[in-house]
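Let me begin by presenting the structure, written as structure tokens, before commenting on it.
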Amino acid sequence: MDSITVRSRFCETDALGHINNTTYFVYLEEARIKFFQTIGFDMDVKDWQFILASTKCDFVSQGYFNQELVITTDVSKIGSKSFQLDHDILCAETHQLIARGNAVIVYFDFQEQRSKAIPDLLKAQLNNHFRSEKTEYS
Numbered sequence: 001m002d003s004i005t006v007r008s009r010f011c012e013t014d015a016l017g018h019i020n021n022t023t024y025f026v027y028l029e030e031a032r033i034k035f036f037q038t039i040g041f042d043m044d045v046k047d048w049q050f051i052l053a054s055t056k057c058d059f060v061s062q063g064y065f066n067q068e069l070v071i072t073t074d075v076s077k078i079g080s081k082s083f084q085l086d087h088d089i090l091c092a093e094t095h096q097l098i099a100r101g102n103a104v105i106v107y108f109d110f111q112e113q114r115s116k117a118i119p120d121l122l123k124a125q126l127n128n129h130f131r132s133e134k135t136e137y138s
């Protein structure tokens with residue numbers, strides 16, 4: 001499991017004092033970038049081979065200003081041309097589940113403008129981060 005920690009900022013909250021729903025997608029993007037770095041891919045646009053095909057976030061409980069959050073990232077599915085990342089966003093202090101998200105990532109050739117088979121070396125790295133069951137939180 002890969003993880004990052006973020007602290008919610010005032011500008012990320014709405015009029016009710018909650019973390020705004022769009023902010024969670026920014027946190028998920030940060031977690032994806034860290035995950036890619038962990039498996040050896042830096043954000044070099046000249047050598048980037050992934051596209052985000054789908055992303056989703058379920059809001060489970062409320063997050064607030066100045067709350068420290070932990071975002072975990074695991075691989076939950078590996079196909080021939082795509083894979084799925086699952087994210088849990090937790091309160092760092094209580095480990096309460098705040099939100100659960102996922103992203104479908106396609107291996108993509110930008111010169112040919114088409115998806116391609118995931119190379120075996122990348123599949124092996126993805127398998128190192130594979131989690132078949134979701135963790136249950138209180």
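Quick note, the sequence shown lines up with residues 1 to 138 if you use UniProt numbering.
Glycine is no exception: its CB is placed at the ideal position from the N, C-alpha and C atoms.
Closest in C-alpha terms to residue 72, from the list 123, 133, 114, 35, comes 35. By the criterion of at least three beta-carbon pairs nearer than 8 Å, the stretch 104-116 is not in contact with the stretch 9-21.
Residue 83 is classed as buried because its beta carbon has at least 16 other beta carbons within 10 Å across all chains shown. According to DSSP, residue 21 shares a beta bridge with no other residue. For residue 84, the enclosing beta strand (DSSP E) has its first and last residue at 82-91. Taking C-alpha positions only, residue 20 is separated from residue 69 by approximately 14 Å. Judged by DSSP in its simplified three-state form, residue 117 adopts coil rather than helix or strand.
The count of Cβ pairs closer than 8 Å, one atom from the stretch 40-49 and one from the stretch 77-93, stays below three, leaving the stretches out of contact. A Cβ-Cβ separation of about 4 Å places residue 54 in contact with residue 104 under the 8 Å criterion. For the 8 Å CB-CB criterion, residue 134 and residue 81 do not form a contact.
A distance below 8 Å between beta-carbons, with the five flanking residues on each side excluded, links residue 18 to the following residues of its chain, in chain order: 62, 63, 64.
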